[in-house]
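Quick note, our numbering runs 265 ahead of the 1-based positions in the sequence shown.
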Amino acid sequence: MNSFQSPEVGMIRNYIDIMLSLPWSNVTEDKKDLKKVRETLDSKHYGLDTVKDRIIEYLAVKQKTNNQRSPIICLVGPPGVGKTTLAKNVAYSLGRKVAKISVGGVSDEADIVGHRRAYLGSAPGLIIEGIKKAGTKNPVFIIDEIDKMTKDIKGDPASSLLEVLDKEQNKTFQDHYIEEEFDLSQVMFIA
């Protein structure tokens, strides 16, 4: 059999394509003017002043301290009140790209941290896929339906997600598929 007809060729090509498409050093510059950020948020959303105040405080502290170890913004409320839209508008007002995943119903931790390449049909996890689609190393990463994650025999995806969100660990996040460390410390996570 010709080496180009080998089944591994497609798997290797897919792996190389994913590795080359990841934004290893592509970073977008944040807009620094917080008054403009507030104006953008006000023009897109009526009300929610306490939420917008908290987001501006978060951004101000992040700018002043220049600290990568910032907390995760968690928006809580019933469906349809504008949590996801507000998160997207935070990204828009900062000039960042958006990555969005939904983890509702996810029960396998491999969905978060990727499948090992030894398995047929393996793929990167939702986090690396989101980063790849955003095309930048520091997007606003929206994790939707975090309260609807489940746990079963395949593992606990919540503990894998904790590894992603923990600033002590996510600087050296390692997806099982790419098997290389990817720095998630510049990502702004909004759950």
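Every residue, glycine too, gets a C-beta built ideally from N, C-alpha and C.
Predicted model, so just to flag it, every value in this text is computed and none were measured.
- The alpha-carbon of K365 is positioned some 32 Å away from that of P272.
- Where K365 is concerned, the enclosing beta strand (DSSP E) starts and stops at 363-367.
- For E446, the three-state secondary structure derived from DSSP is strand.
- The beta-carbon distance between D376 and L391, rounded to whole angstroms, is 6 Å. This is short enough to meet the 8 Å contact definition.
- Leaving aside the five residues that flank G342 on each side, the residues in its chain whose CB is nearer than 7 Å to its CB run, in chain order, K348.
- Per DSSP, the continuous beta strand (DSSP E) segment holding I455 begins and ends at 453-455.
- In the three-state reduction of the DSSP assignment, I277 falls in the helix class.
- The Cβ neighbour count for K300, taken over all protein chains shown within 10 Å, is under 16; the residue is labelled exposed.
- Classified as exposed, V326 has fewer than 16 neighbouring CB atoms from the shown chains inside 10 Å of its CB.
- Counting along the chain, D409 sits inside the beta strand (DSSP E) bounded by residues 405-409.
- Excluding sequence positions up to five before and after D417, its CB lies within less than 8 Å of the CB of S372, D373, all in the same chain and listed in chain order.
- Setting aside the 5 residues that flank it on each side, S387 is surrounded in the same chain by H380, R381, Y442, each with a C-beta closer than 7 Å to its C-beta; the list follows chain order.
- Residue pairing for G347: DSSP places it in no beta bridge.
- Here the C-alpha atom of E410 lies approximately 37 Å from the C-alpha atom of V274.
- It is roughly 10 Å from the alpha-carbon of E428 to the alpha-carbon of K436.
- Within the same chain, and ignoring the five residues on either side of Y280 in sequence, the residues whose Cβ sits closer than 8 Å to its Cβ are R382, Y442, I443.
- Residue burial is scored here from C-beta neighbours: S424 has fewer than 16 other C-beta atoms within 10 angstroms and is therefore classed as exposed.
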